[in-house]
Amino acid sequence: LKLSGLLFVVFIRRSPCFAMHGVRVFRRGFAGFGTPQTHRIFPAIKRHCELIVEEAKGSEVWTVDGKRYLDATSGIGVVSTGHCHPTVVKAVQAQAAKAVHVQQSCYYGSAMKELIDRLVPVVPKGLDSFFFCNSGAEANEGALRLARQATKKDTVIAFLGGYHGRTSGTLAITSSGVGYRGERAGPLPAGTAWARYPYEHAGVTGEMAMESLDMLLLQQAKASEVAAVIIEPVLGEGGYVVPPLGFMRQLREWCDRHEILLIADEVQCGFGRTGKMWAVEHTDVVPDILVSAKGIASGYPLAMVASRPELTSRQQVGCMGGTYGGNAVACAAAIATLDVFEQENVLENVRQRGAQLMDGLRSMGPEASKMVSDVRGLGLMVAIEFDIKVVGRGFASAVAGDCFDREMLVLPTGHRETLRIIPALTVGESEIIEILAKLEPSIAAAFASRAAAAE
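Residues in the sequence shown are numbered from 24 upward in steps of one, following this note's numbering.
Here you go:
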């Protein structure tokens, strides 16, 4: 195809490492597939679309040719205060002029110290011992290591549908999709036992999930062998699933009863995304270990593990660390992010805009709502699940494709035809209106297109 420079639509099957039940997934861009590209990026990196973005501000991005898109992905929940928030930009510029790389194994950094002082009142009570690294996967690796070394046990219980990263250790506890492993990820670490995540819309109740934990101790591992349970308080890549009321409290009690640590992986659902600083706050549960990343620094690479000092003091010196962990510029961005939260009352905005978004999704007209089986979420971590019996496989991607045509970016998630809507936490009322105005006709158009193709 010789259409370089033109925006057009093409549907392809993903390469085998991303194939999911033969579903066609859209990718759109400036050049046809098969046309030589100027970049040298690994093709194994999956990508929503082939746009080349040059500039971004708030909830908007602009391509190299000046085309504007409304961004309802926020970099998969990363740019929490929006693209290039002026407070964050100013803090980053100032820190870059003072010190960029203050290596944590060489000396202390003032930016990291200030960030810790700011985080202590924010994290759940008692979790005032911190480890900083670069990504959610690395932070989850650190949490697993801490749990195993603190308890001198090896087994970790993970939930089906959970996503915790692409490193070998985190792949071993990830089950949201086989595509994350690729065709040959190699032998993964042993020591994972599996429980069912309470996904009520899919028929798995909280009682069933708790029963699976009890059965696990009879079939997969003894309680005396289990170091920790790791859970996303709101399931992310598995479909944006909110556990039923009371489940997290039951899980906390179950862990206490069996002397098992509880790790809350809040990489995607934490740091204000759900309308509270941490998703566990909706349930009044305090985990033993808290993991955060993504939105913690408004787009700069920073991740955090927080735990109790009596646990972290059991580790040997030297077993935790990392070259770029707690980077001074990233810490400055995180401090500025907390400033924005306070100055702009971000959590209240999340609650208001989340309610506006959920109300709008539930009030769509029949041309769109007849395909919807569930609208769910907390704050601005919102999902719309389509009735697979009505729409068939691949429909969520088709809707995302139609949204793309309407100059809006939105992402599918999970394996049950679900679309996630995760704008910046600073998103405005008018932008939520725009999201709804583009999404509703996209749903109707995607279904009409399928119906016409079937005739």
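We treat Cβ as the ideally placed atom computed from N, Cα and C, and that holds for glycine.
Would you check if the distance between the CB atom of E289 and the CB atom of S315 is smaller than 7 Å? In contact: E289 and S315 (Cβ atoms closer than 7 Å).
To the nearest angstrom, report how far apart V527 and A469 are at their CA atoms. Nothing can be reported for residue 527: it is not among the residues displayed for the chain, which extend from 24 to 478.
Just to confirm, are A535 and E440 a CB contact at a threshold of 7 Å? With the chain running from 24 to 478 in the structure shown, residue 535 is simply not present.
Helix or strand or just coil, what does DSSP make of I35? Caution is warranted here: a pLDDT of 33 is assigned to I35, below 50, making its placement in the model unreliable, and the coordinate value is therefore given only provisionally. DSSP, reduced to helix, strand and coil, places I35 within a strand of the structure shown.
Do three or more CB pairs link the region 339-350 to the region 146-159 at distances below 8 Å? Because the criterion of three Cβ pairs below 8 Å is met, the region 339-350 and the region 146-159 touch.
Less than 7 Å separating the beta-carbons of A170 and A250? Contact: yes.
Would you list the one or two residues that DSSP bridges to I180? According to DSSP, residue pairing for I180 in a beta bridge involves A216, V252.
Cα-Cα, which of G105, A166, Q273, G98 is closest to C342? That would be A166, whose Cα lies nearest to the Cα of C342.
Where E408 falls, given that 16 or more other Cβ within 10 Å makes a residue buried: In the assembly as shown, E408 is a buried residue. Its beta-carbon has 16 or more other beta-carbons within 10 Å.
Would DSSP call V431 helix, strand or coil? It should be pointed out that residue 431 corresponds to Met in this sequence rather than to Val. Of the three classes helix, strand and coil, the one that applies to M431 here is strand, per DSSP.
Identify which residue in R204, T86, V111 has its Cα closest to the Cα of E430. Just measuring C-alpha positions, the residue of R204, T86, V111 sitting nearest E430 is T86.
Write down the C-beta distance between D425 and S386 rounded to the nearest angstrom, noting that I regard them as a contact closer than 8 Å. About 20 Å separates the two Cβ atoms, so there is no contact after all.
What beta strand (DSSP E) runs, 3 residues minimum, are completely inside the region 272-300? Correct list: 284-288.
Is it right to say Y92 is buried, meaning 16 or more other beta carbons lie within 10 angstroms of its own, or is it exposed? That one is buried.
Bounding residues of the alpha helix (DSSP H) (the contiguous stretch that carries V413): From DSSP, the alpha helix (DSSP H) with V413 extends over 411-414.
What separation, rounded to the nearest whole angstrom, lies between the Cα atoms of G184 and P221? When only Cα atoms are considered, G184 and P221 end up about 10 Å apart.
What residue range does the beta strand (DSSP E) around L313 cover? Residues 312-315.
Delimiting residues of the alpha helix (DSSP H) encompassing D362: Run containing D362: 351-366, per the alpha helix (DSSP H) assignment.
In DSSP terms, what E78 is bridged to: Answer is W85, bridged to E78.
Given 8 Å as the limit, is there contact between the region 446-458 and the region 273-286, that is, 3 or more CB pairs closer than that? Segment contact: the region 446-458 against the region 273-286, fewer than three CB-CB distances shorter than 8 Å; contact not assigned.
Check this for me: beta carbons of L138 and A357, under 7 Å apart or not? Contact annotation: L138 and A357 have beta-carbon atoms nearer than 7 Å.
Selected residue, minimal CA-CA separation from L268, among S97, A95, L401, A406: Its Cα nearest to that of L268, the residue L401 stands out among S97, A95, L401, A406.
Which residues in the same chain as S235 place their Cβ atom closer than 6 Å to its Cβ, once the five residues preceding and following it in sequence are excluded? Within its own chain, the residues whose Cβ lies closer than 6 Å to the Cβ of S235, once the five positions on either side in sequence are excluded, are A218, R219, listed in chain order.
Just list the alpha helix (DSSP H) runs in the region 139-206, keeping only unbroken ones of 4 residues or longer that don't cross its boundaries, in chain order. Unbroken alpha helix (DSSP H) stretches of 4 residues or longer found wholly inside the region 139-206: 159-174, 191-194, given in chain order.
Going by beta carbon distance, what residues of the same chain come within less than 7 Å of E223, once the five residues before and after it are set aside? Hits under 7 Å: P267.
Proximity winner among L403, G383, V414, relative to K461 (alpha-carbon distances): By alpha-carbon distance to K461, the top candidate from L403, G383, V414 is G383.
Give the list of continuous beta strand (DSSP E) stretches no shorter than 3 residues that lie fully inside the region 438-466. Given a length threshold of 3 residues, each whole run of the beta strand (DSSP E) inside the region 438-466 is given here in chain order: 441-444.
Which class does G500 belong to by DSSP, given the choice of helix, strand or coil? With the chain represented from 24 up to 478, any question about residue 500 goes unanswered, as that position is not in the structure.
Which residues in the same chain have their Cβ closer than 6 Å to the Cβ of L284, if we skip the five residues on either side of it in sequence? Cβ within range, chain order: A170, A251, D311.
Status (buried if at least 16 other CB within 10 Å, exposed otherwise) for E161: It counts as buried.
So G262 and T436 are in contact, right, with Cβ under 8 Å, and what is the actual spacing, rounded? In this structure G262 is in contact with T436, their Cβ atoms being roughly 6 Å apart against a cut-off of 8 Å.
Can the beta-carbon of A391 be found closer than 7 Å to that of R443? Taking 7 Å as the Cβ cut-off, A391 and R443 do not qualify as a contacting pair.
P256 beta carbon less than 7 Å from that of A287: Yes, the Cβ-Cβ distance between A287 and P256 is below 7 Å.
Using the C-alpha atoms, what's the distance from C354 back to V264? Those two C-alpha atoms are separated by around 30 Å.
CA-to-CA distance, S199 to R37, given in whole angstroms: Low confidence applies here, because R37 scores a pLDDT of 34, under 50, leaving its location unreliable; read the following figure in that light. Between R37 and S199, the alpha-carbon positions lie close to 17 Å from each other.
Name the residue from S453, E478, D362 whose alpha carbon lies nearest to the alpha carbon of T104. In terms of Cα proximity to T104, the closest of S453, E478, D362 is D362.
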